[in-house]
Structures are given as structure tokens and as C-alpha cells.
Amino acid sequence: MSSEQEQESIRCLVAKVGLDGHDRGAHVIARAFRDAGFEVIYSGLHKAPEEIVQAAVQEDVDVLGISILSGAHDTLLPKIMDGLEEYGAKEDTLVLAGGVIPEEDRAELKAEGVAAIFGPGTSVEETIEFVRENAPER
Amino acid sequence: MSADEELLEDLLAGKHRALARVISKIENRSPGYRDLVSELYAHTGDADVIGVTGSPGAGKSTLVDKLAETYRDRGETVGVIAIDPSSPFTGGAVLGDRIRMASTVGDMDVFVRSMSARGTLGGLSTATADAVKAMDAFGKDKIIIETVGAGQNEIDIVRTADTVAVLVPPGSGDEIQTLKAGILEIADVFVVNKADRDGADRTVQELRDMIQLDEGGGMAGGGGHHSQEVIDAHDDWDPEDDVDEADAETWTTPIVETVATRGEGVDDLLEAFADHRQYLVDSGEHAEQVRGRYAEEIRTLLREDVHDMLEDRLAAAGGVEDLAEAVRQGETDPYSIADDVLAPVETCLEDLEIDDG
């Protein structure tokens, strides 16, 4: 029927991976995304890459934001990307990384398929803007 | 094969991503979602659907996690739909119930899906009922719907379930609370979670008093979401029913004590669910329930469609603002406007021959 109203909403998974136990930044982002009108699923702390992949696939999120401060991004993020690929979800999931990620590691992560990396000091507005502009059309 | 046909085929073949995608289409009311859902019906009917509700902080997510874990241990597959509120201002939501689903992570056979209350006018309950169908068609044995029991909307949602568990935390108010109408009435099973806390015994006692009061009052079934027909059918005052209904079973809402964080009482709770299921089948209430549910679905769909058509008409006529302004100016009133707008519809309906094909 022509009069049906679509009710699309940007869905995001905000995820903490690995051993780092600081999730204040993830909470701030989750809250800011909520206030921007997104639907935010928060993973909780200390998740394994497989757990994050499972959540991203089941929740069918448009955006996966990974907060990582432990320095283990080089091992953990590629595992997540591989997992998404396994379920055919890598193509149309916008993957973002935030936290402490040195400049010299960024090119490699982007080659893995991470769309953007937001370091310390990035404003939440900038992040939201990026999501609005780049969330995949499905 | 069209994209949607392919999606349906993938879902029926057990591909998780296809299930996730179908639920998204349902939530978004994407073009073609209706055809997809109507295709699902042929593949549904095998899953047990359990609703879990209760006040915020009652321990629903933790309990659902343990239920899912126990079902998995028994070799059954589980779907969970976790519903959280969305902001009335921005539509945004933080869906946090996944965090507590820790026992089953990494196990794809527990499919957890978070939904927010984004729709209006029964939109959430329609979307939930359709998501249940997707999971059922996918082949999940047990589907658990978890929702906060704060308002009428949530009560609509649990009507999607065969069995409804209401969590009552210890010390959740004096006995007058148990007299009030609302979520306590929809329970098929009461769960006093956090049963290791002070006041748990008293809460159990208050619930027990309430259930006894219900039975003493001549109400069959001890609450629960029974339709009026079933209550009538069980009504012993009608002498004609006596022969058939004399040994008809009634359901007395059991009270199960659990400590979800430690998994205590979970087996008892699953047993209570199984008993209720058995009762539904034996008493013939299940058929009644399913029929009532489909009737409600039909009504909701019709209501939504009519609502959409009216919104379109209003938009075409220049929007509701001018009409509202006319009312503000004292030129007319909402009742007259409704009569005027709907007069042609009424004429149409009178001329319409009902087609039951």
C-alpha cells in the first residue's frame, strides 16, 4: 500500500572489545547517539570479537562503533572484520573505531575495512555527522 | 528470484543474517515487508512463545539469559526479543538488555534481537508479533519476549505470548498494589525474583492471597489473559455447561521463586511454563488464544491501514493544522470535522459488498 510509512532508524552497536575496562567514552557516545535519534545497542565490557560479530549480525546494525583503549586494536579489529565477512555483513556495515589508536596503525586498519577512526578530542557532533552521511543505504 | 524471495529462502534455510534482515524490514516497514510476513505464516506454529515482563530492575534480562541457557542445555534453540523504550523526543534509544545475556554469547542458536518502541498506534505490538513469526519460521523452539511492564503497550505485546511470566521483586509495595488492575492480571506464572532478599516471603504471601481472592471470587483461571469466551465457557453458573465443563481444568497461577543471578529456581520456572503449555492444550484454550490473537492482528492491521489512509487524506487536504486553527478560532469543533471528513467513507462502506474471499 502506498500510504505505508517507512520507519527507518539508524541502528548502532557500541562495543567494547578485549580487556580494557574503561567504558566512559563508550557511554558518552551511546548517549550522544541516542540523543541524535539513533537506536543504540551497547555491548557491555570485555567482549570477545566473536561476541561482537554475533551481536552485530543479529541486531542487523548499520553502524558498529568499537571503542578500544588497550592497544590491542591490531589483533582484535581484524578478527571482527573477518567475522563480519563470514556472515556477509562486512559490505554494508559502517565500522568505526574510537579510543587510543596511534597514527601509524591507522592505514592498516582502514585497509581492513574500518571506515573511520576517531581519536581523543573528536567532538561527538563530528562523529554523528559522519554516521549520518555514511550509514549504508540498504 | 526477487531479493525478497531469496531472503525468505535464506531465512527458512537457517541463515542468521537473513533472519536479522527480515526483522529489520519488519521494524522499518520497508517496501515489501507485508508480502514477506504473509509468506511466513505458512511456516509458523511450532514455537512456544513466552512473555517475560515486570518493573524495571526486576531482573528480567538476567532471568531470560538463564532461561535461554537452560533451554540450550536441553538442546532447544532460542529466540529472544528484548524491548526497551525509545525517547519520545528524538526517537533514539539505548537498548541495553543484551549486556546481561552473557551466558549464551558466541552461541548463534540463541538469537537475541533488541527492539525499541519506535512505532505508534500498535506499531510495536505488530512489529513484535511479526518478528516472533520470523523467528518461529526460522525454526526456533522457544521464543522469549522481554519487555518492561510499564504501560498498556507492553500488555499488548505480551498478548503475543502463549505464556506470560510477571516478575515481582520483593518489597514492591503493600498489598493494595496487588488489588490494582494492570500487569499482575496478565500473569500465567508469577516469578518472585531476587528471592534471597528481605521481604521475599511477604511478597510471595501477598501474591498467594491475591490468587486465592481471585478464585474465591468465582473467576476461573486465576487471572491470566483469558478471553471472555473462555471465562464464559468455564462459568459454572450455566447449567448447560456443567456436563461438558465439570471436569474442565482451570489454571491456578503458580508462584515460582528464583534467584536469577545464581540460576536458582530456573528449572522450576521452566516446569511451570511446560505445565501451562500442557494446560493450554488440554483445556482447548490454546486454540482459543491463537484465534483471539489472529483476530487482534487483523483488527490492528485494519486500524493501521485506515489510519494511514486518513493521514494521507489529511495531508492532501492541506494538513491538520488549518482544521485545528479553525477549532481554535471557534469556527467549528473536532466532532463536526470528523463527521465531515468521514461522511464519504461511511457512504462508501454502506455501498460496499463484503467480500470474504
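Sequences listed follow chains V and D, in order. Note that the UniProt record's numbering numbers the first sequence so that position 110 is 110, with each residue one more than the last. Note that the UniProt record's numbering numbers the second sequence so that position 178 is 178, with each residue one more than the last. All C-beta atoms in this analysis are idealised placements derived from N, C-alpha and C, irrespective of residue type, glycine included. As the structure is a prediction and not an experimental result, all values here were calculated from the model.
Where the alpha helix (DSSP H) through residue i begins and ends
{"i": "Tyr42(V)", "result": "Per DSSP, Tyr42(V) belongs to no alpha helix (DSSP H); it is in the beta strand (DSSP E), Glu39 to Tyr42."}
{"i": "Arg11(V)", "result": "First-last for Arg11(V): Arg11 to Lys16, but that is the beta strand (DSSP E), not the alpha helix (DSSP H)."}
{"i": "Asp333(D)", "result": "Where Asp333(D) is concerned, there is no enclosing alpha helix (DSSP H), given that its DSSP letter is neither H nor E."}
{"i": "Asp82(V)", "result": "His73 to Glu86"}
{"i": "Glu137(V)", "result": "Glu137(V) -> no alpha helix (DSSP H), and no H or E assigned at all."}
{"i": "Val57(V)", "result": "Pro49 to Glu59"}
{"i": "residue 160(V)", "result": "This structure does not reach residue 160(V), given that chain V is present from 1 up to 138, and the question cannot be answered."}
{"i": "Arg197(D)", "result": "Premise fails: Arg197(D) is in no alpha helix (DSSP H) and is neither H nor E."}
{"i": "Glu112(V)", "result": "Glu103 to Glu112"}
Residue interval of the beta strand (DSSP E) (run including residue i)
{"i": "Val192(D)", "result": "Val189 to Val192"}
{"i": "Ala165(D)", "result": "Thr163 to Leu167"}
{"i": "Gly65(V)", "result": "Val63 to Ile68"}
{"i": "Arg293(D)", "result": "Not the beta strand (DSSP E): Arg293(D) falls in the alpha helix (DSSP H), residues Glu285 to Ala316."}
{"i": "Glu6(D)", "result": "Per DSSP, Glu6(D) belongs to no beta strand (DSSP E); it is in the alpha helix (DSSP H), Ala3 to Leu12."}
{"i": "Glu249(D)", "result": "First-last for Glu249(D): undefined, no H or E at that position."}
Opposing strand residues paired with residue i [DSSP bridges]
{"i": "Ala93(D)", "result": "Glu39(V)"}
{"i": "Ile117(V)", "result": "Ala97(V)"}
{"i": "Arg113(D)", "result": "Ile81(D)"}
{"i": "Val148(D)", "result": "Gly54(D)"}
{"i": "Glu257(D)", "result": "Val192(D)"}
{"i": "Lys142(D)", "result": "Asp48(D) and Val78(D)"}
{"i": "Glu264(D)", "result": "Val259(D)"}
Residue-level contact to chain V via CB, residue i, 9 angstroms cutoff
{"i": "Gly106(D)", "result": "yes"}
{"i": "Ala338(D)", "result": "no"}
{"i": "Arg72(D)", "result": "no"}
{"i": "Ser114(D)", "result": "yes"}
{"i": "Glu39(D)", "result": "no"}
{"i": "Arg17(D)", "result": "yes"}
{"i": "Gly139(D)", "result": "no"}
{"i": "Glu76(D)", "result": "no"}
{"i": "Glu240(D)", "result": "In this prediction, Glu240(D) scores a pLDDT of 43, lower than 50, which makes its location untrustworthy; no coordinate-derived value is stated."}
{"i": "Asp244(D)", "result": "Only weak support exists for where Asp244(D) lies, its pLDDT of 46 falling under 50; the coordinates are left without a value."}
{"i": "Ile298(D)", "result": "no"}
{"i": "Ala317(D)", "result": "no"}
{"i": "Ala134(D)", "result": "no"}
{"i": "Arg21(D)", "result": "yes"}
{"i": "Arg100(D)", "result": "yes"}
{"i": "Gly92(D)", "result": "yes"}
{"i": "Phe111(D)", "result": "yes"}
{"i": "Leu11(D)", "result": "no"}
{"i": "His234(D)", "result": "In this predicted model, His234(D) has a pLDDT of only 49, less than 50, meaning its place in the structure is not dependable; the value taken from the coordinates is given anyway. No, its Cβ sits nowhere closer than 9 angstroms to a Cβ of chain V."}
{"i": "Arg303(D)", "result": "no"}
{"i": "Ser86(D)", "result": "yes"}
{"i": "Glu27(D)", "result": "yes"}
{"i": "Ser24(D)", "result": "yes"}
{"i": "Leu95(D)", "result": "yes"}
{"i": "Arg208(D)", "result": "no"}
{"i": "Thr30(D)", "result": "A quick correction: the sequence has Ser, not Thr, at residue 30(D). For Ser30(D), the answer is yes, since a Cβ of chain V falls inside 9 angstroms of its Cβ."}
Test: residue i CB closer than 9 angstroms to a CB of chain D
{"i": "Ser3(V)", "result": "Because the pLDDT at Ser3(V) is just 38, under 50, the model does not fix this residue reliably, and the value given afterwards should be weighed accordingly. Interface residue, yes."}
{"i": "Arg11(V)", "result": "yes"}
{"i": "Phe130(V)", "result": "no"}
{"i": "Arg24(V)", "result": "no"}
{"i": "Ala135(V)", "result": "no"}
{"i": "Asp35(V)", "result": "yes"}
{"i": "Glu8(V)", "result": "yes"}
{"i": "Val57(V)", "result": "yes"}
{"i": "Phe118(V)", "result": "no"}
{"i": "Val40(V)", "result": "yes"}
{"i": "Glu104(V)", "result": "no"}
{"i": "Ser43(V)", "result": "yes"}
{"i": "Ala48(V)", "result": "yes"}
Partner residues on chain C for residue i, Cβ-Cβ distance less than 8 angstroms
{"i": "Ser125(D)", "result": "The structure shown contains no chain C; its protein chains are V and D."}
#### Entry: Contact between the stretch 94-103 of chain D and the stretch 200-215 of chain D (3+ Cβ pairs under 8 angstroms)
no
Quiz item: Are the stretch 43-56 of chain D and the stretch 17-35 of chain D touching, with three or more C-beta to C-beta distances below 8 angstroms?
Solution: no
* Asked: Can you list, in chain order, the stretches of the alpha helix (DSSP H) that have 4 or more residues and sit fully within the stretch 28-77 of chain D?
  -> 33-40 and 60-73
**Q.** Touch test, the stretch 264-277 of chain D against the stretch 153-172 of chain D, Cβ-Cβ under 8 angstroms, three pairs minimum
**A.** yes
Item to complete: Would you check if there are 3 or more beta carbon pairs closer than 8 angstroms linking the stretch 14-30 of chain V to the stretch 62-78 of chain V?
Response: Flag = yes, the stretch 14-30 of chain V and the stretch 62-78 of chain V touch.
Would you call the stretch 76-92 of chain D and the stretch 103-115 of chain D in contact, with 3 or more CB pairs under 8 angstroms? yes
| task | Examine the Cβ distances between the stretch 118-128 of chain V and the stretch 10-26 of chain D and report whether three or more of them are shorter than 8 angstroms. | result | no
Across the stretch 35-46 of chain D and the stretch 308-321 of chain D, are there enough close Cβ pairs to call them in contact, namely three or more that are closer than 8 angstroms? Contact between the stretch 35-46 of chain D and the stretch 308-321 of chain D is absent, because fewer than three Cβ pairs lie under 8 angstroms.
*If you pair each beta-carbon of the stretch 188-207 of chain D with each one of the stretch 248-255 of chain D, do three or more pairs fall below 8 angstroms?*
yes
contact_flag[the stretch 16-26 of chain V, the stretch 81-91 of chain V] where n(CB pairs < 8 angstroms) is 3 or more: no
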